[in-house]
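Asks: What follows is a structure written as structure tokens; I'll ask about it next.
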Amino acid sequence: PDIHFLAASLKSGTSFSWVCTHPDTHDVSESWSAPGRVADALSLLSAWHPTVRAIVAATPPDRLVDWKLVYRDPLPTWVSPRGRIALLGDAAHPFLPTSIQGASQAVEDGVTVAVCLEMAGKGGKKVNVREALRAYERIRYDRVRKAQKTGETTRDRWHKADFDKVLQEPEAVRLPREEWLLGHDAEAHAYAVYGETVEQMRREEEEGKGGVDVRSLL
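Structure, rendered in structure tokens:
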């Protein structure tokens, strides 16, 4: 219960990878490369199928990583108060691996920032970096949060599965691949909505609803 195990061959079968996600009571340290112990993994999977245990037992001791999943809710803003710095990717919105979207959403962030900076300087005018970065955040924020939630939903689906039902309905634990997530052109979308996004932000500033006073403190 509350564990999932994934294994796959890579590089035309010349490499092999496995991942086991499970509750942990050890101290938490944020690291991508903390060493793991094969004996600990085997103990955790003591009641699992022999094939799973054989995969784990064959793991070279120096190739096992104990990767803590330290998850965070979205930051309230990704842009510094003066609009000179913006976060993107995991720095702004860490993803659970069950979303399989961390790198994809970082790329979407990057192209959106590029479009916003381009549009802010369109026509040869001086680039309004602050406005461009705020527009980037406005364009991306809700989509990113929705994508983050897919990781939470998939994790819960896998870790709380009723496997008697799964045997009857295997689709219940299939990794979801929603069209809104995979069929999105972030660059085209940013071009399409940049103008209206900026206009909305300007109206909010004029009406005192855009949080401008807070952002201009630093």
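First residue of the sequence shown: 1, per the UniProt record's numbering; consecutive thereafter. We put the beta carbon where it would ideally sit given N, CA and C, even for glycine.
For the candidate residues Y191, V113, G208 and P94, whose alpha-carbon lies nearest to that of Y71?
Replies: Nearest option by C-alpha distance: P94.
Asks: Cutting at 8 Å between CB atoms, please list the residues of its own chain near L44, excluding the five before and the five after it.
Replies: Closer than 8 Å at Cβ, skipping near neighbours: I3, C20 and H22.
Asks: V79 and R134: beta carbons closer than 7 Å?
Replies: Yes. Within cutoff.
Asks: Out of D185, Y141, L64 and R53, which one is the CA nearest neighbour of V111?
Replies: Ranking the options by Cα distance to V111, first place goes to D185.
Asks: With DSSP as the reference, label V19 as helix, strand or coil.
Replies: Reduced to three states, the DSSP call for V19 is strand.
Asks: In three-state DSSP terms, what is G127?
Replies: According to the sequence provided, residue 127 is Val. The question's Gly does not apply to it. Looking at V127 - three-state DSSP - the assignment turns out to be coil, as it is neither helix nor strand.
Asks: Just the C-alpha distance for R143 and A92, rounded to the nearest angstrom, thanks.
Replies: Approximately 13 Å between the Cα atoms of the pair.
Asks: Please list, in chain order, all residues of the same chain as R138 whose beta carbon is under 7 Å from its beta carbon, the five residues on each side excluded.
Replies: Closer than 7 Å at Cβ, skipping near neighbours: T197 and M201.
Asks: Can you tell me which residues form a DSSP beta bridge with S9?
Replies: DSSP lists F16 as partners of S9.
Asks: For Q101, count neighbouring Cβ atoms within 10 angstroms of its own Cβ and tell me buried if that reaches 16, exposed if not.
Replies: Per the 10 Å Cβ criterion, buried.
Asks: For V70, does the three-state DSSP call read helix, strand or coil?
Replies: Coil.
Asks: Do you know whose CA, among A7, D90 and T51, lies nearest A147's CA?
Replies: Cα-wise, what sits closest to A147 is D90.
Asks: At a cut of 8 Å, does the segment 47-58 reach the segment 4-20 through at least three beta carbon pairs?
Replies: Yes: at least three Cβ pairs fall under 8 Å.
Asks: Can you check the segment 34-113 for any beta strand (DSSP E) of at least 3 residues that lies completely inside it and give the ranges in chain order?
Replies: Taking only runs of at least 3 residues, no beta strand (DSSP E) segment lies wholly in the segment 34-113.
Asks: Is A39 buried or exposed, if buried means 16 or more other CB atoms sit within 10 Å of its CB?
Replies: Exposed, since its Cβ has fewer than 16 Cβ neighbours within 10 Å.
Asks: How many Å lie between V166 and L175 at the Cα?
Replies: Their backbone Cα atoms lie some 13 Å apart in a straight line.
Asks: How would you call W158, buried or exposed, if buried means at least 16 neighbouring beta carbons within 10 angstroms?
Replies: Classification of W158: buried, given that the 10 Å Cβ count is 16 or more.
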